[in-house]
Amino acid sequence: MLYTALAAVALLLLIACCNVANMLLARASAREREMTVRAALGAGRGRIVRQVLVESLLLALFGAVGGCLLAYVGIKVLVPLLPQGPLPGEVQFGLDRPALLFSLSVAVLSALLFGAAPALYSARRNLVEGLKGESRGVAGGRGRLRNTLVAAEIALSLVLLVAAGLLMRSFISLVRVDLGFDRTNLLVFFVTFPPGEEATPVERYRFYQEALQRVASLPGVAAVAASTALPPADGGYTSDIDMTDRPHDVRRTALIQFCTEGYFQTLGAPVLRGSGLPALAADEVPRTAVVNRTFVDNYFGTEDALGHHIGVTLPATESDQAERRLFEIVGVVEDVKNEGPRDAPAPHVYLPATTTIGNIVLVRTVGEPRHSLNAIRTEIRQVNPHVVLNERGTLEEILGLSVYEQPRFSLIVFGVFAVTGTLLVAIGVFSVMSYTVSRQTREIAVRMALGAGRGQIMGVVLGLGTQVLLAGVGAGVLASFATAQLIANQLWNTSPHDPLTLVAAIAVIALVALAGCYLQARRATRVDPMAALRQD
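Numbering (the numbering used here), first residue to last: 10 to 545.
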């Protein structure tokens, strides 16, 4: 994600630099006579180059200062949106000395690189032609350079738009993934006993039994259960599976999860065949199991799994060692995403929780979940006032802060950069076409004086802009195909070469560029031929 964000920053910087270089070239053209006079008075080319570079450097430094101010505001806005999971706790965001020095260095380097062309152009003037006055037509070399810069802006902006479009399609696909359960109206609590309070596994189980019964009796609570794992990212621990009545040579494994009665009802996962998990007493030995659809498909095929026995290794507790125990399959439940929404479900075995019980409590409510928070907290602490109750919020909020956080952040970054790049393209196209029209006012006036209609004049200007647009789009399409693999690992169920996204990005950039051309084409049709010719 970091390298992808850096690549997006670099692309946006190049777009901005192309834009500024184009404007500096236009300014240098407007100052041709001034520079010619300076040269005629004895100013050497080196001095003129230095003057233009200093002006570019000052512009870059002022931009860097403004950028640092915007960065300060941006940090306040964007840091809360950063995915917290993969980031160490000691990571801090701020404008420290290295960041400011880096920004200053980039500004200076950008000024030197993209201010060089206008500086060299200002120094390469023919004194005789310059003092006579420049032609009103746009010189081929200078016009081609400006058009090339605009085409480069269009190409780079198209790359950002395609990346943002791919990430948006991927994010939408990810959010729409069927997790196998109902994620709405589901509260999540983590319950832990204080370090100084000793409780045996049996005592902990009895605490959960009473607490869950009290919570289930609350108005507005539809179902409640406790579990050792929380889908979709956590499916429990992995164990080898033995099937005494089905000998096999290949190793068979499954995720093992312990749940209380009513877990599937609380989660909203439908039981396909058989029954769910039974309610057991604290001293009762569990003998039944529920498996998911993938378990049946992988290990039983078309045969009915109900009634078969499987061997599972149970984890050690404070009073018992790890042991191997047989369980009878009494139910089959629909697949629940247990290894993340991007991956296919793994074989899963659900066992009744007794002495092995987790600290995750799920509460399904009838209405708004947070309206029941205080009542649930009170009922649990009525059983044991010393337990630590960590309210994680709703499952939808947990998904938003964990599973969907990183792809959403990547989408926001590329989306902001793509919009900014597109705005810069609009400015670049508008300014270049404005400059072109202003320099060709005499030519346009002559055409109109010779009988050219407004439609023909508009067609000429739009034709110039369309040529630049086509060149930029062509280069941008090639660049998009070449760079799409950089974000391929962040895409889900979306091809990095998705044609629909590419067409949509081209349509957006074409609309923006042609709008800038059209505004200047209209301006060209309003030229008064007599007034324009009289000025020359």
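Note that the Cβ used here is the ideal one computed from N, Cα and C, for glycine as well.
Note that the structure is predicted; figures quoted are calculated from it, not measured.
Inter-residue spacing [alpha-carbon to alpha-carbon] between A220 and I389: 5 Å
Other residues of its chain near A488: CB distance less than 7 Å, five sequence neighbours each side excluded: A164, V168
6 Å Cβ shell around I84 - same chain, five flanking residues per side excluded: F102
Contact the region 232 to 250 vs the region 350 to 368: 3+ CB pairs below 8 Å: yes
Nearest-angstrom beta carbon gap, L289 and T363 [assumed within contact, 8 Å]: 5 Å
Check: F439 C-beta below 7 Å from any heavy atom of the ligand NAD: Looking at this structure, you won't find the ligand NAD or any other ligand, since it has none at all.
Reference P324; option with closest CA among F71, V86, D249: D249
Enclosing beta strand (DSSP E) for P361 [first to last residue]: 357 to 361
Close beta carbons around D344, own chain, < 7 Å, minus the five adjacent residues each side: G189, N301, R302, T303, P354
Beta carbon of F267 nearer than 8 Å to that of T237: yes
L104 (DSSP reduced to helix, strand or coil): coil
Which of helix, strand or coil DSSP assigns to Q529: helix
Unbroken alpha helix (DSSP H) run spanning G464, endpoints: 463 to 492
Buried or exposed (CB count within 10 angstroms, at least 16 for buried), I57: buried
Element boundaries [alpha helix (DSSP H), containing T3]: The structure shown does not extend to residue 3, since the chain is modelled only from 10 through 545, so no value can be given for it.
Inter-residue Cα distance where the pair is L170 and A480: 17 Å
Beta-carbon separation (whole angstroms), Y308 vs P356, contact threshold 8 Å: 7 Å
T431 beta carbon less than 8 Å from that of L21: no
Helix, strand or coil at T429 according to DSSP, with G and I counted as helix: helix
Per-residue burial, H317 [other beta carbons within 10 Å of its own, 16 or more giving buried]: buried
Boundaries (first-last residue) of the alpha helix (DSSP H) holding G460: Careful: G460 lies outside any alpha helix (DSSP H) and carries neither H nor E.
Buried versus exposed, by CB contacts within 10 Å (16 or more), I181: exposed
Length of the line joining the Cα atoms of E377 and V230: 10 Å
Cβ-based burial, F111 [other Cβ within 10 Å; buried from 16]: exposed
Run of the beta strand (DSSP E) containing I407, from where it starts to where it stops: It is not in any beta strand (DSSP E) - I407 instead sits in the alpha helix (DSSP H) that spans 404 to 410.
Y413 and L471 closer than 8 Å at C-beta: no
Collapsed DSSP secondary structure at V117 in the structure displayed: helix
At least 3 beta-carbon pairs within less than 8 Å: the region 518 to 534 vs the region 461 to 469: yes
Limits of the unbroken beta strand (DSSP E) element including V370: 369 to 374
Backbone CA spacing between A519 and M442 [nearest angstrom]: 15 Å
CB contact flag (L158, N31, <8 Å): yes
Inter-residue CB distance, Y217 and T269 (contact presumed, cutoff 8 Å): 7 Å
Boundaries (first-last residue) of the alpha helix (DSSP H) holding D249: Run containing D249: none in the alpha helix (DSSP H); it sits in the beta strand (DSSP E), 246 to 249.
Straight-line Cα distance separating V233 from V224: 7 Å
Helix, strand or coil at A242 [DSSP, three-state]: coil
Closest by C-alpha distance to Y81, when choosing among L109, E64, R54, R59: L109
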